[in-house]
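Under the UniProt record's numbering, the first residue of the sequence shown carries the number 1, and numbering increases by one thereafter.
Don't be surprised by glycine CBs; every beta carbon is placed ideally from N, CA and C.
Worksheet for the structure shown next.
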Amino acid sequence: MQLAGETPEVQYDYTAILAQEIGDMFFVCPSRALARLASRSSPASDTVYLYSNSHPADLGACTSEASTCGHAYHGSEPRYVFNTVPNATADDMTVSDIFSDYWGRFAYTGYPQSDKYTAWPAYVPQSETIEGMSQWTNILLKAPNSETETGYKEDLCDFWDEIGFYVNITSPGDVTTLSTPVVSDVTEQAENEKTTVGSATMFGVTFNFTEKLMIAAGYFLFMMINL
């Protein structure tokens with residue numbers, strides 16, 4: 001444990017620490033919990049996919065007043081999906097292509113696969129375990145290429161799952177369906193993952209033409225709200 005010192009308001013940026021905690025508590029870990037519950041309780045035909053977004057947003061249009069500059073935050077994805085990033089950098093364009101490729105294929109086929117980027121695995125517990133933990137694999141969206149990620153925020157989200165802040169499950173199973181609690185140094189992991197505060201769950205199903213139009217319209221509306 002590290003003490004704050006005599007002038008913590010000068011020595012530490014509590015804004016970044018609070019943003020990380022809120023991001024995990026309200027967005028990242030509940031998404032992971034929902035994805036795990038859905039994966040364990042859904043029929044095999046309904047595939048679940050989970051992604052985490054670590055691309056820092058708004059780098060090409062950052063101002064000193066923009067507190068979100070350089071961070072991946074909740075709601076930053078639509079501008080990449082629809083290629084509407086202001087003053088886009090080369091990495092912005094790459095990430096936009098990654099999002100569009102996965103999202104377009106998912107909307108059309110129900111499977112977010114790509115011919116150009118890393119194969120996106122289904123979010124299921126792997127048979128291999130490490131230190132007694134089931135290994136779940138998601139996709140990490142970043143430039144210059146996406147990559148698979150195992151045990152995303154495992155210790156931090158196991159902590160929030162165990163507290164039960166957002167979990168109220170009576171069936172099927174209980175909170176242990178979501179995670180295997182592990183005691184570890186969560187502070188170090190939080191420091192290593194400062195820029196990754198966005199995540200979401202995708203459920204693979206097959207859509208008809210009308211449903212595809214509704215999805216596109218919903219994404220468009222969401223994009224307009226977040227501009």
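Leaving out five residues before and five after residue i in sequence, what residues of the same chain have Cβ atoms less than 8 Å from its Cβ?
i	result
Val95	His55, Tyr80, Leu141, Lys142, Ala143
Leu18	none
Phe165	Met25
By Cβ distance below 7 Å, which residues in the same chain neighbour residue i in space, the five residues on each side in sequence not counted?
i	result
Ser100	Val81, Asn83
Ala57	Thr68, His71, Ala72, Tyr73, Ser76
Ile98	Tyr117, Leu141, Ser146
Gln113	Arg105, Ala119, Trp120
If residue i and residue j are in contact, beta carbons under 8 Å, what's the gap, nearest whole angstrom?
i	j	result
Ala122	Thr15	Not quite, the Cβ-Cβ distance comes to about 36 Å (not below 8 Å), so this is no contact.
Glu149	Ser52	6 Å
Leu34	Asn138	At roughly 13 Å, the Cβ-Cβ gap does not stay under 8 Å, so Leu34 and Asn138 are not in contact.
Spatial neighbours of residue i within its chain, please: C-beta separation below 6 Å, excluding the five flanking residues on both sides.
i	result
Trp103	Val81
Ser39	Val48, Tyr123, Val124
Arg32	Cys157
Gln126	Gln135
Pro43	none
Asp91	Ala143
Unbroken stretches of the beta strand (DSSP E), 3 residues or longer, contained in the UniProt domain "Carboxylesterase type B" (14–160)
47–53, 125–130, 133–141, 147–150
Do the segment 108–124 and the segment 15–28 make contact, defined as three or more Cβ pairs closer than 8 Å?
no
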